Every structure is written in structure tokens, then in C-alpha cells.
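Below is one structure; the comments refer to it alone.
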Amino acid sequence: MSPKPLFLAVLTSALLSGLVAVHAQQPERLDARGVAALVQSFYDQTTSLQAQFRQTQYTKLYDRTERAEGRVVFKKPGKMRWDYDEPNGQVFVSDGRRLLIYQPPDEGERHGQMLQRDMDEDQIPLAFSFLTGTGRLDRDFRLRLLDAERQGYQGGYVLELRPRQPTPHYDRVLFFVRIVERGGARAGIIQRVLILDAAGNRNRFDFRQMRFNREVPEARFRYTPPAGTRRVRP
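Using the numbering used here, count along the sequence shown one by one with no gaps and you end on 234.
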């Protein structure tokens, strides 16, 4: 009897076993609600987040792209602070009730100005509300997964969020999510946020060097502008 059929049978069995093993190791693909649940559960357990950010803002009316970098910190409930590096130099600070925006002086001016707004009157606090513990993804947004490769994002998910209650400040938000293992459980970490409005403007934030649950003093969310700053109230 020729050993060839036996050899082929063994080889075929080995190949099939290998295919089954590889298939078993493939991570389960999540749907939009599954991704949102991993994101929400992780940030529900997060008391603070500190990171470096890079902002890329496109204004369609002027066909203009502006870039800036800086540091951001979020702390529950409702607090956040954005410090922009020079030459931008802006500062956004919220104590959970109001938003202060410091704008440094333009060229030729001696003093900058500081604006005060309610939290629901600005794009950034609304889009990042769940990071400060004041929003919930499944309650506040309609969820959908986009093709990550078409969005230029490899190895993760792109979650589209459309507000259930329409707002003039943005049309939809995209979360670029990486699923990682933390403490023996899966967690959805947001690495990029893209805010899009009805006018075709795009406001993108890329985060790196993220640190979670570090102590952040309350004084971080109080801000005194430079002397001579002009205060602008609505």
C-alpha cells in the first residue's frame, strides 16, 4: 500500500487544524454598540485624563487649515483645561459650570481678551462631554461604525456619533478607537476625535502620552489671565 494517501490525509488534517486555530485566535469584530459600550465602560471608571494633543482645524469658507499643539486635562465632574503651545497660546478652562477662553493679543496689540460662555454654547465641551462625566454615548447619540481603512485608521474602529438632539455647534463626531487589554478586560481607548459641522468644517484632535486617573488639583481649573486682559461677556 502506498504511503501517499496517508501522508496527504495527515497533511490535510494539519492544515485544517491550523486554519481552525488561526480562526479561533481572530478577535471578535464588534458592532457600533459594542464599541461604544467598551468606550463608555472604560471612561466611566476614569476619574481624570491628561494628554498631549495635536489639533488640525479646517475652515471650508476660507479653504484654510490651521494646526496647533498643547496639553489637555479632563476631570470629573465636568472639568477640563486646554493649554495651547506658542505661538497659539490660547487657554480653555472649565470648572464644570462655565467656560473661560483666553485669547492672547494679536500682532501689534498689547493685551489679549478673555471670553466667558456657558458650557452648552461651545463645540468642544459638547463633543467631549462624556469625558467629563456629563454625557452618555448610547443616550445622547445615534451610533454607527464607519470603514476604518477608508478613514485612514488601521487596527481600530471608527465610531460615528450623531446627536439625538440637533445642535448648531456640530453635525457629527467621529471617535477613532483602539481596543486594548487593561486589567484583564477589554477597553476602548479614544486616540482621535474628529468634529464635523453642517458647513463642512473639520476639527480634529489627536491624543498621545495619555495618562489616566492621576491626581489633578482643583486649582488647575481656575485661571487668572495676564494683567490688562480685556474681558468679553455675552
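Think of the CB as a built atom: it goes at the ideal place given N, C-alpha and C, for glycine as much as any other residue. None of these values were measured; they are calculated from a predicted model.
If you look at Gln165, you'll find it isn't in any alpha helix (DSSP H); DSSP assigns it neither H nor E. Our two residues, Pro163 and Arg172, have alpha carbons roughly 7 Å apart in a direct line.
When secondary structure is reduced to three states using DSSP, Val39 falls in the helix class. DSSP, reduced to helix, strand and coil, places Glu218 within a helical segment of the structure shown. Counting C-beta pairs closer than 8 Å gives three or more between the segment 186-204 and the segment 53-62, which meets the contact rule. Cα atoms of Leu145 and Phe74: separation of roughly 26 Å, rounded to the nearest angstrom.
In this structure, Phe92 is the residue among Leu100, Phe92 and Ala185 with its C-alpha nearest to the C-alpha of Trp82. The way I'd put it, the segment 220-231 does touch the segment 100-117; three or more beta-carbon pairs between them come closer than 8 Å. When DSSP states are grouped into helix, strand and coil, Phe130 belongs to the helix group. When the beta-carbon positions are compared, Ala127 and Val193 come within less than 8 Å of each other. Spatial neighbours of Arg136 in its own chain (CB-CB distance under 7 Å, excluding positions within 5 residues in sequence) are listed in chain order as Gln40 and Phe130. Counting other Cβ atoms within 10 Å of its Cβ, Ala187 reaches 16 or more and is therefore classed as buried. For Leu137, the enclosing alpha helix (DSSP H) starts and ends at Leu137 to Asp140.
The distance from the Cβ of Gly133 to that of Lys76 is about 4 Å, consistent with a contact at the 8 Å cut-off. Approximately 7 Å separates the beta-carbon atoms of Gly156 and Ile179; this is inside 8 Å, confirming the contact.
Taking C-beta separations shorter than 8 Å and ignoring five residues to either side along the sequence, the partners of Arg64 in its chain run Tyr58, following chain order. Distances from the CA of Asp85 to each of Ser48, Gly70, Ala36 and Asp140 were compared; the closest alpha carbon is that of Gly70. The bridge partners DSSP lists for Leu100 are Val93 and Gln116. Non-local beta-carbon contacts of Asp95 in its own chain, meaning distances under 8 Å to residues more than five positions away in sequence, involve Gly78, Lys79, Phe221 and Arg222 in chain order.
When the five nearest sequence neighbours on each side are left out, the beta carbons in the same chain lying within less than 7 Å of the beta carbon of Asp120 are those of Leu126, in order along the chain.
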